Structure formats: structure tokens, C-alpha cells
Amino acid sequence: MTRDLEALYHQRHRRYTAAMRLGIPDAVPVRPFAAEFTAAHTGMTCQQVTHDYRLAFDAVIRCCLDYDWDAAVPNMVYVWTGLTHAAGLKYYAVPGLDIPADVAFQYREPAEDNAWMRREDYDEFIENPETFLWNTWLPRVSRSFDNGSSSRALATSAWAMADYFTAFGPQIERMKRETATVSAICGMLKAPLDVLADKFRGYLGLAFDLKECPDKVMAACRALEPYLAAVALGGLDPAREIPIPIWMHRGCVPFISYKEFEEIYWATLKPTVEAIIARGNQVLFYAEGKWDAHLEAFAQLPKGGIVFHIDRTNPAKAQEILGGHFALSGGVPNALLAFGSPSEVEAKCKELIDLLGREGGYIMDASAIMQNDARPENVRAMTDFTRRYGVYRDTRESILELPPAAVPAAPPEDPFKRIEAEMNGRASAYIWHLVLSF
Numbered sequence: 001m002t003r004d005l006e007a008l009y010h011q012r013h014r015r016y017t018a019a020m021r022l023g024i025p026d027a028v029p030v031r032p033f034a035a036e037f038t039a040a041h042t043g044m045t046c047q048q049v050t051h052d053y054r055l056a057f058d059a060v061i062r063c064c065l066d067y068d069w070d071a072a073v074p075n076m077v078y079v080w081t082g083l084t085h086a087a088g089l090k091y092y093a094v095p096g097l098d099i100p101a102d103v104a105f106q107y108r109e110p111a112e113d114n115a116w117m118r119r120e121d122y123d124e125f126i127e128n129p130e131t132f133l134w135n136t137w138l139p140r141v142s143r144s145f146d147n148g149s150s151s152r153a154l155a156t157s158a159w160a161m162a163d164y165f166t167a168f169g170p171q172i173e174r175m176k177r178e179t180a181t182v183s184a185i186c187g188m189l190k191a192p193l194d195v196l197a198d199k200f201r202g203y204l205g206l207a208f209d210l211k212e213c214p215d216k217v218m219a220a221c222r223a224l225e226p227y228l229a230a231v232a233l234g235g236l237d238p239a240r241e242i243p244i245p246i247w248m249h250r251g252c253v254p255f256i257s258y259k260e261f262e263e264i265y266w267a268t269l270k271p272t273v274e275a276i277i278a279r280g281n282q283v284l285f286y287a288e289g290k291w292d293a294h295l296e297a298f299a300q301l302p303k304g305g306i307v308f309h310i311d312r313t314n315p316a317k318a319q320e321i322l323g324g325h326f327a328l329s330g331g332v333p334n335a336l337l338a339f340g341s342p343s344e345v346e347a348k349c350k351e352l353i354d355l356l357g358r359e360g361g362y363i364m365d366a367s368a369i370m371q372n373d374a375r376p377e378n379v380r381a382m383t384d385f386t387r388r389y390g391v392y393r394d395t396r397e398s399i400l401e402l403p404p405a406a407v408p409a410a411p412p413e414d415p416f417k418r419i420e421a422e423m424n425g426r427a428s429a430y431i432w433h434l435v436l437s438f
């Protein structure tokens with residue numbers, strides 16, 4: 001790493017972390033969550049970057065070199081369909097296999113009467129979610145159980161998962177050393193209610209359950225809560241600099257009611273968010289959709305504990321309720337990046353910087369994950385305009401103080417118990433990452 005690259009990396013790192021922690025950096029950070037856009041920029045297909053994560057890594061490096069981004073995700077095309085295909089997962093449509101090669105991978109919503117978890121399964125699920133995953137859920141979601149090759153699929157996909165996850169460390173180091181770009185996020189958190197809809201009941205099944213058996217839904221979310229918290233807490237940035245994202249899907253009005261949000265969605269998510277903040281880590285609320293109705297609830301969290309990402313949420317309302325209490329990011333409509341002109345993109349960026357970034361605490365980004373419909377000239381306009389216009393005269397370090405670092409629990413002294421716990425933990429990690437990551 002040359003001295004110039006090293007100096008640029010530290011400048012970008014300070015800029016990004018200062019903005020997230022309510023300081024005033026030297027300039028507004030640029031942090032696009034670029035997924036299939038990286039394929040479009042490098043001349044690849046969605047099939048290539050989705051089915052070969054090495055090509056996806058290369059596409060990210062190319063974009064980091066070609067655009068002046070402060071931070072990026074090592075691979076925002078996060079689902080490696082090589083792994084999902086090895087596991088025989090039925091809930092993915094894979095580019096080039098199930099859908100055209102230039103279409104991003106798709107989740108398949110299960111039929112209402114044939115969901116991955118049936119309504120009559122609630123009691124079994126509530127009693128022990130992980131046992132349910134191994135005994136009932138996995139045989140239903142994997143084609144390999146239909147043709148008798150389940151053992152081979154388990155071995156292949158487990159090795160594939162280990163291969164994929166261990167490749168992220170070198171990719172993050174490569175981003176730093178070759179492009180001076182900061183890794184934007186670390187780990188993963190999801191809300192129990194979102195997981196219940198995404199991978200078990202389907203949205204329609206859950207919508208009916210919320211009306212017809214809400215007590216079962218609440219009990220299932222309570223049963224999921226400790227497992228999802230364990231995955232999140234185990235994946236935090238040990239340096240406490242990079243936030244853990246939560247991908248917020250359908251937990252807002254009008255997908256669910258105010259009452260369901262308060263009593264189920266937020267009640268089973270907030271404790272984990274608070275536990276993460278108590279450790280000195282931040283949570284990136286990637287609030288897909290419109291969350292205006294719930295900003296007051298989020299404002300009750302400790303100052304600086306989250307970064308709130310604006311998709312369809314009203315930016316002025318987000319600034320009014322959350323501004324100065326949390327950092328904000330996003331707000332550039334994806335439709336504008338796809339169909340607008342560079343001058344229109346620049347006008348939108350100016351509007352957002354003037355509204356959200358007057359005193360720091362704002363990060364430039366698209367409103368949602370950038371897929372292959374975003375035009376490179378518009379992404380460049382967003383980046384270059386922010387560089388020219390989003391400059392601060394005065395800077396200020398973060399006003400937040402980190403709590404003392406948590407002391408990890410000591411492993412069992414008995415070597416047999418310690419190794420047994422480690423092996424059981426790896427099996428648990430495999431099945432929960434199938435649910436949460438793939």
C-alpha cells in the first residue's frame with residue numbers, strides 16, 4: 001500500500017466514521033450500496049456476479065477504483081447462488097437458470113397453502129426453532145431432500161459457506177490496499193417478524209396469521225429473538241467503528257398495523273438493538289419503504305446509536321425527528337438514477353445536502369440498493385457533485401463517547417466441552433445463515 005493510498009484510506013475512514021457518530025467531517029461521505037450496478041459498470045451480467053462471488057468481488061474493486069467512494073460493501077450482491085444451488089434451495093430464482101441472465105436474483109414467495117412453515121407448525125417452531133429448522137424447514141426448502149441427495153448437499157453447501165465467508169476478509173483488505181475504500185458494514189441483523197415472513201410463512205401467510213392467531217405470531221417472534229440476537233452480537237465489528245446493518249422489509253405501516261408494529265415488530269427487535277448500542281456499536285437502519293409512522297419510536301434509542309437510511313421516508317420529517325440525534329443517509333431515488341439526467345441527480349443531491357447535511361451527520365447514497373438499472377453517468381454525477389458541493393469549512397470529531405468494551409465470556413476449561421460447544425456452534429451458524437443470509 002503506497003503512502004498516498006494509505007493517507008487517502010485514513011481520510012475516508014475518518015470522514016465516514018465522523019459522519020456516522022454525529023461529528024462534522026471534512027466532507028459529506030459517499031457510500032453507495034452498489035449491487036448489480038457493479039456488473040453493469042464492468043460489462044458483466046447479473047448471472048456472472050451472482051453465481052461467481054469472485055467476479056462480484058472483482059466488480060466491486062473496479063467500481064472502487066473508478067469512482068471516488070469513501071465506503072462500499074465488499075459484495076452487495078450478497079446471495080451467492082453457487083451456494084444456494086448447491087443446497088438445492090427452492091426459494092431462489094437464479095439468473096441464467098430460472099430467470100434471464102441479466103435479471104437480479106429473486107426470492108420466490110411460497111404458495112399460501114404450501115408455505116415453508118405451515119400454520120399448524122407454530123407450536124413445534126415455538127418450542128425449539130433450531131430443531132424445527134433441521135427437522136422440518138430444511139427438508140421443505142431443499143430440492144436435495146426430494147431426490148435423496150441431502151447428505152451430499154449438506155456437505156457441499158457447508159463447505160461453500162465456509163469458503164464464501166472466509167473470502168470476505170481478504171476482499172476487505174483488498175479494498176483497503178488497492179483502492180483505499182472503507183468496508184461500509186459488518187455483520188447482520190434482522191427483525192424476527194421480517195424473518196418469519198421472509199423464510200417461513202410468506203408475507204400473505206403472515207398477514208392472515210397476524211389477524212387470526214396473533215398470539216402465535218408473537219410467541220414465534222419471541223422464540224426467534226435470542227437466535228437472531230446471537231448471530232448479530234457475534235458478527236459485530238470488534239473495533240466498534242463500522243455499523244451492523246438491519247435490512248428492514250415489511251415491518252412498517254401499511255404492511256402491518258401500528259399495534260402490530262409496537263407489540264410485535266418493535267417489541268422483539270428493540271432489545272437486540274439496545275444490546276448492540278450498549279456495546280458501543282452502531283446499527284444501520286436500512287429502512288426499505290416508508291417509515292414516517294415509526295420515526296418517533298426510533299428516536300427513543302440512545303443518541304448516536306443508529307444511522308437511519310432514507311428510502312421512501314420523507315427526508316424533511318426524518319430530519320425533524322431524527323436529525324441531530326442520529327446520522328442520516330440515502331435519499332437519492334433509484335428511479336432518478338435509472339431514468340433521470342445527471343443535472344437532475346445533482347439537483348437532488350444539493351437538496352439533500354442542504355436539508356440533511358448542514359451540520360454533518362449525513363452520508364450520500366441512493367435510497368435503495370443500486371441494481372443494474374442505475375446509469376453510470378448518474379452515479380458519477382451523484383459522487384462528483386457531492387465531492388464538489390458537500391465540503392465543510394469547520395470540522396468536529398464525534399461527540400459520542402463509547403462505553404467500555406465488553407469482556408468476552410471465558411470458554412469452558414474442559415477441552416471436551418469446549419470443542420463440543422465449538423462444533424455445535426458451527427452447525428448452528430450454518431442453519432441460521434441459510435435462514436438469514438441466503
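Under this note's numbering, the residue at position 189 of the sequence shown is numbered 189, and the numbers go up by one with no gaps. C-beta atoms are modelled at their ideal positions from N, C-alpha and C, and glycine is treated no differently. This one's a predicted model, so the numbers in the text were calculated from it and none came from an experiment.
Among the candidates the options, whose CA atom is the shortest distance from the CA of residue i?
i    : options                : result
T84  : E422, A405, A115, S144 : S144
V77  : D58, T386, A162        : D58
L206 : V231, I256, M175       : I256
Q106 : S343, D198, Y430       : D198
T386 : Y91, D68, R279, T2     : D68
P408 : I419, L233, T383       : L233
R177 : R3, P411, I264, F416   : R3
R393 : M370, R358, F308, R54  : R358
G439 : D365, G323, S343, T272 : Outside the shown range of the chain (1 to 438) lies residue 439, about which nothing can therefore be said.
T38  : Q371, K90, S428, W134  : Q371
L236 : V283, A410, A421       : V283
D194 : C349, Y265, A287       : Y265
P254 : D292, A191, L65        : D292
T395 : E6, K417, T17          : T17
A316 : N135, A40, A267, L356  : L356
D311 : R15, M20, P32          : P32
W137 : R152, P110, D163, A162 : P110
V391 : R375, K350, S398, I399 : K350
N443 : V332, I244, R62        : Any answer about residue 443 is impossible in this case: the structure gives the chain only from 1 up to 438.
Give me the DSSP bridge partner(s) of residue i.
i    : result
I246 : L189, F285
S183 : A72
Q106 : A93
Y362 : L328
F37  : In the DSSP output, where bridge partners are listed per residue, F37 has none listed.
H85  : Paired residues: none, contrary to the question.
G202 : Answer is none; G202 lacks a bridge partner.
F57  : Per DSSP, none; premise fails for F57.
I353 : Looking at the DSSP assignment, I353 forms no beta bridge with any residue, so it has no partner.
Alpha carbon to alpha carbon, how far is residue j from residue i? Give it in angstroms, no decimals.
i    : j    : result
T42  : Q48  : 11 Å
G23  : C186 : 21 Å
Y92  : Y203 : 16 Å
W432 : Q171 : 23 Å
S183 : A71  : 6 Å
F132 : A318 : 40 Å
L228 : E274 : 14 Å
K270 : F285 : 12 Å
L189 : E413 : 31 Å
R119 : N281 : 37 Å
M44  : E124 : 45 Å
F339 : V345 : 10 Å
A35  : I369 : 6 Å
S437 : A239 : 23 Å
W247 : E288 : 7 Å
E422 : E130 : 16 Å
H249 : T383 : 27 Å
L65  : E260 : 45 Å
G402 : A27  : Inspection of the sequence shows that residue 402 is occupied by Leu rather than by Gly. One C-alpha to the other measures close to 23 Å.
N114 : L322 : 41 Å
T348 : H51  : Here the sequence assigns Lys to residue 348, which means Thr is not the residue at that position. Near 35 Å, if we compare the C-alpha coordinates of H51 and K348.
K216 : R201 : 12 Å
Exposed or buried, what is residue i when buried is set at 16 or more other beta-carbons lying within 10 Å of its beta-carbon?
i    : result
H10  : exposed
P226 : exposed
Y258 : exposed
P100 : exposed
K303 : exposed
T459 : Within the shown structure, residues of the chain are numbered from 1 to 438, placing residue 459 beyond reach of any answer.
D209 : buried
N128 : exposed
R426 : exposed
F298 : buried
Is the beta carbon of residue i less than 8 Å from the beta carbon of residue j?
i    : j    : result
A160 : G96  : no
Y362 : A327 : yes
I419 : Y389 : no
N378 : L434 : no
L8   : A180 : yes
A56  : S157 : no
D102 : C63  : no
H309 : C252 : no
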